[in-house]
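Structure record follows, encoded as structure tokens.
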Amino acid sequence: MEFEVGSIVEGKVTGVKNFGAFVALPGGKNGMVHISEVSNEYIKDLSTVLSEGQVVKVKVLNIAPDGKIALSIKRTVERPPRAPRNDTGRVWQPRRTERPAEMSFEDMMARFKSQSEEKISDLKRVTEARRGGGYSRRR
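Just so you know, we're using the numbering used here here: the sequence shown kicks off at 283 and counts up by one.
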């Protein structure tokens with residue numbers, strides 16, 4: 283039996299590893315379901331979800347030139363539609379900076395300069411503390 287990408291078939295789980303499960307398909311072919319393709323939920327241990335001998339419905343995702351078949355279990359199940367988001371009607375607005383209209387350009391520059399000097403001195407203080415307070419071991 284030849285498989286096409288996108289077809290859904292039933293197969294029997296022949297082996298469960300920590301990275302995925304091997305599935306025997308009709309016609310004597312084998313494929314693998316990666317752990318990320320088993321469920322939409324997080325799965326820590328695949329053996330808690332699948333077991334050998336279990337019959338599963340799988341979707342063919344890819345057929346490699348060397349004959350390897352990639353399968354998915356989660357893509358055979360329809361996901362329930364998402365609930366519509368509550369639209370609050372709010373639209374993002376940039377933050378308004380409070381500055382007096384009477385502030386001149388020179389005043390704004392002086393304020394910027396003092397804030398910058400404070401930030402630089404704080405940064406120097408922190409970096410010197412990490413280096414050992416400015417003490418040099420070289421002589």
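Note that beta-carbon positions come from the ideal geometry of N, C-alpha and C, so glycine has one too.
Inter-residue spacing [alpha-carbon to alpha-carbon] between Q336 and F304: For Q336 and F304, the distance between alpha carbons rounds to 11 Å.
Assuming E319 contacts L353 under a Cβ cut-off of 8 Å, what Cβ separation, rounded to an integer in Å, is found between them? Contact flag correct, Cβ pair sits at about 7 Å.
Which same chain residues end up closer than 7 Å to A306 when comparing Cβ atoms and leaving out the 5 residues on each side of it in sequence? Closer than 7 Å at the Cβ level, and outside the excluded window around A306, lie G293, K294, T296, N312.
Between the Cα of G310 and those of F285, S398, E384, spot the shortest distance and give me the residue it belongs to. That would be F285, whose Cα lies nearest to the Cα of G310.
Neighbourhood of S321 by C-beta, 6 Å cutoff - its chain only, sequence neighbours within 5 removed: Closer than 6 Å at the Cβ level, and outside the excluded window around S321, lie K356.
Going by beta carbon distance, what residues of the same chain come within less than 6 Å of K341, once the five residues before and after it are set aside? So the qualifying residues of the chain are I290, S354, R357, T358.
Could you name the residues of the same chain whose beta carbon sits closer than 8 Å to that of I325, not counting the 5 residues immediately before and after it, in chain order? Hits under 8 Å: I317, V331.
Assign V315 to one of two classes, buried (16 or more other C-beta atoms within 10 Å of its C-beta) or exposed (fewer than that). Counting every other CB atom within 10 Å of its CB across the protein chains shown gives V315 a total of 16 or more, marking it as buried.
What are the boundary residues of the beta strand (DSSP E) that E292 is part of? Looking at the DSSP string, the run of the beta strand (DSSP E) that includes E292 is 290-298.
Compare the C-alpha of S329 against each of K401, K339, V298, P347 and name the closest. Ranking the options by Cα distance to S329, first place goes to V298.
For R412 and E388, the rounded distance between their alpha carbons: Going by the C-alpha atoms only, they are around 36 Å apart.
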